[in-house]
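Chemist: Pasting a structure here, questions to come.
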Amino acid sequence: MINMHKEYSSIIDEIKKQVPFEPEICIVLGSGLGDFAGKVETLKSIATSSIHNYPVSTVEGHQGYLHFSRYGGKKLLILQGRIHYYEGYSISQCVLPMYIAAKLGCGKVLLTNAAGGVNPLFKPGSLMLASSFNSSVISKKLADLLGSGTPHQKNLFLNLPSEEMNSKIMDASFKENISLCKGLYWMTMGPSYETVSEIKMYRKYGADAVGMSTVPEAYYASSMGLDVASISCITNFAAGLSAQALSHAEVMETADRVKHDFERLIKKSIELL
Ligand code: HPA
């Protein structure tokens, strides 16, 4: 069993000395979506490299910062620089930002990510709100993390994602006239993209989008009592759905193309949450 408190309480002490306020909403910026951090008023930015023992994100497009920002009357903790399981980090390191968010007082977390479209109707450039998650990749690891203190067979995830957050984000999309589809976010281990037959299998199981992040954070944050929602930017057709080979460059290009809609949607969502 992993004891987050034992491992990371010194990080919390270090960050608490620097925070300008108690944040309400945590926003995690996915691949290619990091620009959002520059679009809101920021009171304090902490480079994660300055925090002793904080894992370093090695993926292009993930700068490591914790921003304490304000928008729409809300106090935000914006995490720029995700830690992925495929980078070789442990699940406890991947969910460390959620532990920080919870310990600093956030009640809600909005996760964002780049994902491949498995549902053939979800074209590159679409935005998708997660209606559910698949956790099979990490269930054993997550069990170690949630640990023996968790009541046996208790369903910790009845409100994952948060129905209330999802309905407010949907309202935000109507108000901003941005089309937002809904679907099952399926996590794969990575770091390589999936094979064509894997994607066929995930589709048969109901997947709408596939990505290599988000699920550990979503489950852990929910287990800590936070309300959780997730928005995916569909950056490419998943393997086999188009003739084009998948690449991180395409992921970054598409995320860049939709960043204005993404920014409007996140801003309006923050106002309503
Ligand atoms: N598969 C997995 N992760 C991804 C993809 C994909 O096609 N696109 C962006 N992240």
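Numbered by our numbering, the letters in the sequence shown go through residues 569 to 841 in order.
A virtual CB, placed ideally from N, CA and C, is assigned to each residue, including glycine.
Quantities reported herein were computed from a predicted structural model and do not represent experimental measurements.
Assuming contact is defined by CB atoms lying nearer than 9 Å, are Q836 and E732 in contact in what I supplied?
Modeler: Residue numbering aside, residue 836 sits at position 268 when the sequence shown is read from its first letter. Residue numbering aside, residue 732 sits at position 164 when the sequence shown is read from its first letter. Note that residue 836 corresponds to Lys in the displayed sequence, not to Gln. No.
Chemist: Taking a contact to mean a Cβ-Cβ separation below 9 Å, would you say P688 touches F805 in this structure?
Modeler: Numbered from its first residue, the sequence shown carries residue 688 at position 120. Numbered from its first residue, the sequence shown carries residue 805 at position 237. Going by C-beta atoms, P688 is nearer than 9 Å to F805.
Chemist: Looking at C-alpha atoms only, which residue of P588, I579, T680, L601 is the closest neighbour of R825?
Modeler: Here residue 825 is taken as the residue at index 257 of the sequence shown, counted from 1. Among P588, I579, T680, L601, the Cα nearest to that of R825 belongs to L601.
Chemist: From L840 to K584, what does the alpha carbon distance come to, in whole angstroms?
Modeler: Within the sequence shown, residue 840 is the residue found at index 272, counting from 1. Within the sequence shown, residue 584 is the residue found at index 16, counting from 1. Distance between the alpha carbons of L840 and K584: 27 Å.
Chemist: Between S599 and ligand 1, is there a pair consisting of the residue's CB and a ligand heavy atom that are separated by less than 8 Å?
Modeler: In the sequence shown, residue 599 corresponds to position 31, counting from 1. Under cutoff, so the answer is yes.
Chemist: Looking only at its own chain, which residues have a Cβ that is under 7 Å from the Cβ of I659, when we skip the five neighbours before and after it?
Modeler: As a position in the sequence shown, residue 659 is number 91, starting the count at 1. Contacts found: Y653, I706, K709, L710, L713, P784.
Chemist: If we ignore side chains and look at the alpha-carbon of each, how far apart do I651 and Y622 end up?
Modeler: The count along the sequence shown starts at 1 and reaches residue 651 at position 83. The count along the sequence shown starts at 1 and reaches residue 622 at position 54. Looking at the two C-alpha atoms, the distance is approximately 10 Å.
Chemist: How many Å lie between V521 and S741 at the Cα?
Modeler: Residue 521 falls outside the range modelled here, since the chain spans only 569 to 841, and no answer is possible.
Chemist: Does any heavy atom of ligand 1 sit closer than 8 Å to the C-beta of A669?
Modeler: For the purposes of this step, residue 669 is identified with residue 101 of the sequence shown, where counting begins at 1. A669 Cβ: outside cutoff for every heavy atom of ligand 1.
Chemist: Where does G602 sit, in a helix, a strand or coil, going by DSSP?
Modeler: Position 34 of the sequence shown, counted from the start, is the residue given in the question as residue 602. Of the three classes helix, strand and coil, the one that applies to G602 here is helix, per DSSP.
Chemist: Under the three-state reduction of DSSP, which class applies to E818: helix, strand or coil?
Modeler: Taking the first residue of the sequence shown as 1, we reach residue 818 at position 250. Note: E818 maps to helix in three-state DSSP.
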